[in-house]
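Let me begin by presenting the structure, written as structure tokens, before commenting on it.
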Amino acid sequence: MPLTGNRTSSVKNSRQFCAEIKMITLRPSDILVSYDVKDLFTSIPMDITLNALENLLDKDSTLSQRTSLKAFHVKKLVSFCMKEANYFRFGEQCFMQNSGAPMGSSLSPVLAEVFMEHLEEIAFSTANESIVPVLFKRYVDDVFALTKSAEDEAFLNHLNRLFPTCISFTIEKEEDGRLPFLDALIIREGDRLKTTVYRKPTHSDRYLHFSSHHPRSVMRGVISGMVERARPFAMKNFLPKS
């Protein structure tokens, strides 16, 4: 079993997320919000994350089947990669990154998930029950929440008090009953949530011109790729437009 991604709040992709919210019944006081961590990778508190990683490995009963290393040794190796060997080049000079996880490292997404699960555990165990969201779904540092209209800011403030020197959350609230999350647009219709494809305001609708010299297989691939992307989470009444 993987060390992370086992929490009920974790989502792997838009398809899973949209499937999980279809049967939710909204209350009149519920609002849709999303929380997002600013600059997560370069803001991760590394010592806290390494301790959380070691705790996860200590609890992993299958670790000895995969490696002869103990949890402490794995922690030391990861610490070396993230702290002692964390260099980057800018122009003609080399610098050592003294905080956070490096962009582009294969370890960084893993450690980001370890830290976010640790943060999430602390957030829910220390929050006043009255401000806890009815629904909380997270993909790395992007959070979709269903909360009472009077408590969305209170929960945001609670999140920002957990690691105030390094981690800062922002909030986006639904507008006209709509809220984007990942590449899906969540739409409130009565007491239900509908989903369709989300396109950013800067989306230009420009694709390969039919008369271009690309192979026809590429042309067909563009169309089939868009259809396959939309089909899993664009509900039937939104599918033609998507």
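Here the UniProt record's numbering is used: the first residue of the sequence shown is 1, the next is one more, and so on. Note that the Cβ used here is the ideal one computed from N, Cα and C, for glycine as well.
Taking the alpha-carbon of residue i as reference, which of the options has the nearest alpha-carbon?
i      : options                           : result
MET82  : LEU69, GLU120 and MET103          : MET103
PHE41  : SER106, LYS70 and ASP30           : SER106
THR25  : THR202, ASP191, SER204 and THR196 : ASP191
PRO28  : LEU182, LEU146, VAL197 and ILE21  : LEU146
GLU189 : ILE21, ASN13 and VAL143           : ILE21
PHE136 : THR4, VAL11 and LEU3              : VAL11
Can you give me the start and stop residues for the beta strand (DSSP E) that residue i sits inside?
i      : result
GLN93  : 93-96
THR147 : 142-148
THR42  : Note, THR42: premise wrong, no beta strand (DSSP E); alpha helix (DSSP H) at 40-43.
Might you give, ordered along the chain, the residues of its own chain that have their beta carbon closer than 6 angstroms to the beta carbon of residue i, omitting 5 neighbours on each side?
i      : result
HIS214 : LEU208
Between the alpha carbons of residue i and residue j, how many angstroms are there, rounded?
i      : j      : result
THR165 : VAL37  : 13 angstroms
MET93  : ALA85  : One point to set straight first is that residue 93 is Gln, not Met, in the sequence displayed. Cα-Cα distance, rounded: 16 angstroms.
LYS75  : GLN97  : 19 angstroms
ALA154 : ILE131 : 7 angstroms
So the alpha helix (DSSP H) residue i belongs to, where does it begin and stop?
i      : result
LEU119 : 107-126
Which of the three DSSP states, helix, strand or coil, is assigned to residue i?
i      : result
PHE181 : strand
GLU174 : coil
ASP205 : coil
SER34  : strand
LEU29  : In the sequence as displayed, the identity of residue 29 is Ser instead of Leu. Of the three classes helix, strand and coil, the one that applies to SER29 here is coil, per DSSP.
Confirm the yes/no value for this check: CB of residue i, any heavy atom of the ligand MN, distance under 6 angstroms.
i     : result
PHE95 : This structure lacks the ligand MN; in fact it carries no ligand of any kind.
To which residues of the same chain is residue i closer than 7 angstroms at the C-beta, ignoring the five residues directly before and after it?
i      : result
PHE169 : TYR35, ASP36, VAL37, LEU156, LEU159 and ASN160
THR4   : GLU113, VAL114 and GLU117
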